[in-house]
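Peer 1:
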Amino acid sequence: MHSTEWSLVFFTTISQLATGIMLFVLLFVFAKRQQGGPKLKQTALYISAGLMFIALILSFLHLNNPLHSIYALSNIGSSWLSREILFVSLFLFSLVLVSLLPYVKKPKPQHYRALILGSAVIGCIMVFTMSMLYIIPTVPAWNSSSTLIAFYATALLLGSVFVLGLSLNMGPQETQKQPWHPKNKVLFTCALIAVGIILINFFVLRPSVPQGNVGFPPAPISTIAQLLRWGTLFLGVSSLLFIFINQDRLKQFRYLYYLPFVLLLVSELTARAAFYASFYNIGL
Amino acid sequence: MYEVTGGEWIQQNDTWISDIGAYNVSLACNHCQDPICMKSCPNKALYKTEEGIVLVDETKCMGCRYCEWACPYDALALDKEKGIMTKCTLCYDYLAEGKDPACVAACPMRVLEVGDLDDLLKKYGSHDNIYPLPPAHHTKPSLVINQHPSAASSKNWEIINKEEVKNA
Chain A
91 MHSTEWSLVF
101 FTTISQLATG
111 IMLFVLLFVF
121 AKRQQGGPKL
131 KQTALYISAG
141 LMFIALILSF
151 LHLNNPLHSI
161 YALSNIGSSW
171 LSREILFVSL
181 FLFSLVLVSL
191 LPYVKKPKPQ
201 HYRALILGSA
211 VIGCIMVFTM
221 SMLYIIPTVP
231 AWNSSSTLIA
241 FYATALLLGS
251 VFVLGLSLNM
261 GPQETQKQPW
271 HPKNKVLFTC
281 ALIAVGIILI
291 NFFVLRPSVP
301 QGNVGFPPAP
311 ISTIAQLLRW
321 GTLFLGVSSL
331 LFIFINQDRL
341 KQFRYLYYLP
351 FVLLLVSELT
361 ARAAFYASFY
371 NIGL
Chain B
-3 MYEVTGGEWI
7 QQNDTWISDI
17 GAYNVSLACN
27 HCQDPICMKS
37 CPNKALYKTE
47 EGIVLVDETK
57 CMGCRYCEWA
67 CPYDALALDK
77 EKGIMTKCTL
87 CYDYLAEGKD
97 PACVAACPMR
107 VLEVGDLDDL
117 LKKYGSHDNI
127 YPLPPAHHTK
137 PSLVINQHPS
147 AASSKNWEII
157 NKEEVKNA
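Protein chains in written order, with the working numbering: chain A, 91 to 374; chain B, -3 to 164.
#1: Of the choices 241/A, 277/A, 332/A, 253/A, whose alpha-carbon is the least far from that of residue 292/A?
#2: How close, in whole Å, do the beta carbons of residue 350/A and residue 321/A come, if the pair is a contact with beta carbons under 8 angstroms?
#3: Of the residues -2/B, -3/B, 3/B, -1/B, which one's Cα is nearest the Cα of residue 152/B?
#4: At what residues does the beta strand (DSSP E) containing residue 5/B begin and finish?
#5: Measuring straight from C-alpha to C-alpha, what distance separates residue 147/A and residue 369/A?
#6: Between residue 226/A and chain B, is there a C-beta pair that is closer than 8 angstroms?
#7: Assuming residue 178/A and residue 149/A form a contact by the criterion Cβ under 8 angstroms, report the distance between their Cβ atoms to the nearest whole angstrom.
#8: Reducing DSSP to helix, strand and coil, say where residue 216/A ends up.
#9: Note the first and the last residue of the continuous alpha helix (DSSP H) segment covering residue 320/A.
#10: Looking at residue 205/A and residue 60/B, is the spacing between their C-beta atoms short of 8 angstroms?
#11: In chain order, what residues of the same chain have a beta carbon less than 6 angstroms from the beta carbon of residue 139/A, not counting five sequence neighbours either side?
#12: How is the alpha helix (DSSP H) around residue 356/A delimited, first residue to last?
#13: Considering just the uninterrupted stretch of the alpha helix (DSSP H) at residue 100/B, what are its terminal residues?
#14: Taking 8 angstroms as the threshold (C-beta atoms), are residue 323/A and residue 281/A in contact?
#15: What are the complete beta strand (DSSP E) segments, minimum 3 residues, inside the segment 11 to 49 of chain B?
#16: When you compare the CB positions of residue 104/A and residue 253/A, do they come within less than 8 angstroms of one another, or not?
#17: Check each residue of the segment 68 to 91 of chain B: if its Cβ is closer than 9 angstroms to any Cβ of chain A, include it; give the result in chain order.
#18: So, are the CB atoms of residue 99/A and residue 359/A less than 8 angstroms apart?
#19: If you measure between the beta carbons of residue 128/B and residue 374/A, is that distance less than 8 angstroms?
#20: In chain A, what lies closer than 8 angstroms to residue 129/B by C-beta?
#21: Does DSSP classify residue 93/B as helix, strand or coil?
#22: According to DSSP, is residue 338/A helix, strand or coil?
#23: So what's residue 160/B in DSSP terms, helix, strand or just coil?
#24: Using a beta-carbon distance cut-off of less than 8 angstroms, what residues from the segment 6 to 32 of chain B approach chain A?
#25: Could you give the DSSP three-state label for residue 231/A: helix, strand or coil?
#26: With 7 angstroms as the limit, tell me which residues of the segment 141 to 159 of chain A have their beta carbon closer than that to any beta carbon of chain B; keep them in chain order.
#27: Report yes if the C-beta distance between residue 162/A and residue 108/A is below 8 angstroms; otherwise report no.
#28: Could you tell me the distance, in whole angstroms, from the CA atom of residue 73/B to the CA atom of residue 94/B?
#29: Closer than 7 angstroms, Cβ to any Cβ of chain A: which residues of the segment 141 to 159 of chain B, in chain order?
Here is the structure:
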């Protein structure tokens, strides 16, 4: 993998995490009759906006001539990269808007909820454009729906586990006190579904051998990278189950609720690095 | 210049017979009729001249390397000093002066030729799917190959000067 692609590993994973957070915070934004909880919403919005700001900076690190990025929206008609840049910008703008609007002018609750929903939808479209730019007919390892599924699965997994950590730490009183509260159950179930999708996507749906000549086949992924990816995925899921089973005993150590997120983030970053390392062209 | 070799020794009764082959493929940009690099470029920094030559607009390229990912002929490379992509220009300035491109003029074996694509197709036919070329339907390259006899056979072909061409 080329050294500059590390910026893309972090850029894509972080922006998908921000999308996932926005999706799952909707559970709390549209909830009725909950005691407390604004801290969770505000924190989630600020973190998403911060993550997208970092992601935008990282995306510039990938460019060798950033000053010419003023032309980056010139080819919306045929370049998925142009479309991705457009939606990354729109998503960041929408996140800054929903984060700062209450300080400028307090909006009506229904309008504010609609803005947050709109921001989550823009995030989902951004992940779609981000996936499509890698689905290149001349790059067999990426040219399949498996890329699209992998990117959405990252958003689903990291978003649900992170918001679950927020819910147990600073959510409404009922989600903090009852680990098996319906909202927590939804987040927990979504995380497990995402892990299932990741496993099926990797072991069943990955692209097969290309049709045509390949001059430079890719090097196999290193054993250490594979161990790190699957090891942290296993530990992440195990810690998630452990926390839910032993929630009463862990009340003194509430920051442990973020442990599954940290482990799964490492797993997804390693998986994304392996995705870039799998690059090869058909032909030369 | 890609050096391609393949084949093996085959046993016939008590005799081992050589069934090996080798050939060279000289490639730069094929100035494709349907260039995937142009479609991919977010900045519209790649464009086609009236003569069909694909060029980089240095005032627009931001060096994102997306065109390099998409091109199945490895025709684009990053100019690290300028931070922009660079590629074969088919020596359009020489062509305008009625001269051959530098590669055509320099080739000691006179195996490279530049001209109207239809004329070259009539003269040589089209063998655009020899190893290691990609299927032509992806980009419709403006390329005609009068193939080496070895290239016609199906062997376990492999590029043997990978380090040389990748670091060129």
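No residue lacks a Cβ here, since even glycine has one placed at the ideal position from N, Cα and C.
Peer 2: Looking at the atomic coordinates:
#1: If you compare the alpha carbons of 241/A, 277/A, 332/A, 253/A with that of residue 292/A, the shortest gap goes to 241/A.
#2: In fact, because the Cβ distance is near 14 angstroms, the residues do not count as touching under 8 angstroms.
#3: The residue with the shortest Cα to Cα distance from residue 152/B is 3/B.
#4: From DSSP, the beta strand (DSSP E) with residue 5/B extends over -2 to 8.
#5: Each residue's alpha carbon lies about 24 angstroms from the other.
#6: At least one beta carbon of chain B lies nearer than 8 angstroms to the beta carbon of residue 226/A.
#7: Indeed, because the Cβ distance is near 7 angstroms, the residues count as touching under 8 angstroms.
#8: In the three-state reduction of the DSSP assignment, residue 216/A falls in the helix class.
#9: Per DSSP, residue 320/A belongs to the alpha helix (DSSP H) from 313 to 335.
#10: When the beta-carbon positions are compared, residue 60/B and residue 205/A stay at least 8 angstroms from each other.
#11: Sequence-distant partners of residue 139/A (beyond 5 residues in either direction) whose C-beta falls short of 6 angstroms from its own C-beta, in its chain, are 185, 186, 189.
#12: First-last of the alpha helix (DSSP H) with residue 356/A: 349 to 367.
#13: In the DSSP assignment, residue 100/B falls within the unbroken alpha helix (DSSP H) covering 98 to 102.
#14: Not a contact, by the Cβ cut-off of 8 angstroms.
#15: Fully enclosed beta strand (DSSP E) runs of no fewer than 3 residues occupy 11 to 21, 42 to 44 of the segment 11 to 49 of chain B, in order along the chain.
#16: Not in contact: residue 104/A and residue 253/A (Cβ atoms no closer than 8 angstroms).
#17: Within the segment 68 to 91 of chain B, the residues whose Cβ lies closer than 9 angstroms to some Cβ of chain A are 68, 69, 70, 71, 74, 75, 76, 78, 79, 80, 81, listed in chain order.
#18: Yes, they are a contact pair.
#19: Taking 8 angstroms as the Cβ cut-off, residue 128/B and residue 374/A qualify as a contacting pair.
#20: By Cβ distance, chain A contributes 303, 373, 374.
#21: Reduced to three states, the DSSP call for residue 93/B is coil.
#22: Three-state DSSP puts residue 338/A in a helix.
#23: Three-state DSSP puts residue 160/B in a helix.
#24: Correct list: 23, 32.
#25: In the structure shown, the three-state DSSP call for residue 231/A is coil.
#26: Flagged, chain order: 152, 153, 154, 155, 156, 158, 159.
#27: Between residue 162/A and residue 108/A, the CB-CB gap reaches or exceeds 8 angstroms.
#28: Rounded to whole angstroms, residue 73/B to residue 94/B spans 27 angstroms at the Cα level.
#29: Close to chain A, meaning a Cβ-Cβ distance shorter than 7 angstroms, are the following residues of the segment 141 to 159 of chain B: 155, 158.
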